[in-house]
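Numbering (my numbering), first residue to last: 645 to 934. See structure below.
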């Protein structure tokens, strides 16, 4: 059975908004409330948010772009239909990964609030925006508790990151990069066996993270993103979004997308392993220097 709660909440929100005759703003103004003056204590000059004001502008832009990409304009209406601003608690720390620690909730008569931590390590190693677009995608409705599959949730957030946020590979196609790396790795039987074990965790009905920090976790993120991107290319973002937010388990793939999970996984892997790759390792390295 497919969950209806998300759909019903959205319908009720629209009805309530229409009945009050009040027009929703096109986007929310972002006000950043950091717990410390990171811009005075950290060197953030190489990031896309070298000042607090730049951080607010970037977050506001990413929120608008993510909502448009995901067809979620007015995403805050079922949280606070009177909101005109997002009070964003941004923390910048030395963690290995960025993460969303507070989902969007009603904060006042005219606001919603949420909290994200941005990794200074990521910002200092080429990300430039420390996965800000990824975390804002969690914030607007794709938290871990909203999905039957953490893999699909994280894959979608990475998809949004590469589409609207900082993308470190220039003009190179992310799926071709994935295909290139996978085709090389699969030539070694030991590496192939390890990576196939991780790939088994991609897209499954699992609400927690299957790995801690390390290469397996990084590869799981990469493959989850690749699988979600494949599904979006095949079925469109609305159906994939419905799968993530309304699905119950692996059976939901066939109910919502019309094809069973295992068949889709097999087709995705075949596409990566048989793709004609024209890029080289040097192309990838050169793109990351730009």
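Every residue, glycine too, gets a C-beta built ideally from N, C-alpha and C.
Own chain residues within Cβ distance below 8 Å of residue i, not counting five before or after
i, result
"residue 665", "Residue placement at residue 665 is flagged as unreliable, the pLDDT there being 45, under the threshold of 50; a coordinate-derived value is accordingly withheld."
"residue 927", "816"
Delimiting residues of the alpha helix (DSSP H) encompassing residue i
i, result
"residue 936", "The chain is shown from 645 up to 934; residue 936 falls before or after that span and cannot be answered."
"residue 933", "925-933"
"residue 872", "859-879"
"residue 816", "Taken as a continuous stretch (DSSP letters only), residue 816 belongs to no alpha helix (DSSP H), as it is neither H nor E."
"residue 706", "696-713"
"residue 795", "794-808"
"residue 905", "905-918"
"residue 843", "833-843"
"residue 691", "It is not in any alpha helix (DSSP H) - residue 691 carries neither H nor E in the DSSP assignment."
Proximal residues to residue i (C-beta, below 6 Å), its chain only, five neighbours per side dropped
i, result
"residue 913", "none"
"residue 674", "700, 703, 704, 730 and 732"
Cβ shell of residue i (< 7 Å), same chain only, five flanking positions each side left out
i, result
"residue 863", "839 and 842"
"residue 879", "901"
"residue 860", "842"
Paired residues, beta bridge with residue i - DSSP
i, result
"residue 755", "729 and 752"
"residue 891", "Looking at the DSSP assignment, residue 891 forms no beta bridge with any residue, so it has no partner."
"residue 744", "760"
"residue 737", "763"
Residue interval of the beta strand (DSSP E) (run including residue i)
i, result
"residue 674", "673-676"
Integer Cβ distance of residue i from residue j, believed to fall under 8 Å
i, j, result
"residue 809", "residue 778", "7 Å"
"residue 883", "residue 901", "6 Å"
Decide if the stretch 861-869 is in contact with the stretch 772-789; the criterion is three or more beta carbon pairs, one per stretch, under 8 Å apart. no
Just checking, does the stretch 811-824 make contact with the stretch 888-900 on the three C-beta pairs under 8 Å criterion? no
So, does the stretch 873-891 touch the stretch 828-843, judging by three or more C-beta pairs under 8 Å? no
Does the stretch 733-745 touch the stretch 755-763, meaning 3 or more C-beta pairs lie closer than 8 Å? yes
contact_flag[the stretch 716-729, the stretch 791-798] where n(CB pairs < 8 Å) is 3 or more: no
Under 8 Å, with one C-beta from each stretch per pair, do the stretch 803-816 and the stretch 696-716 reach the 3-pair mark? yes
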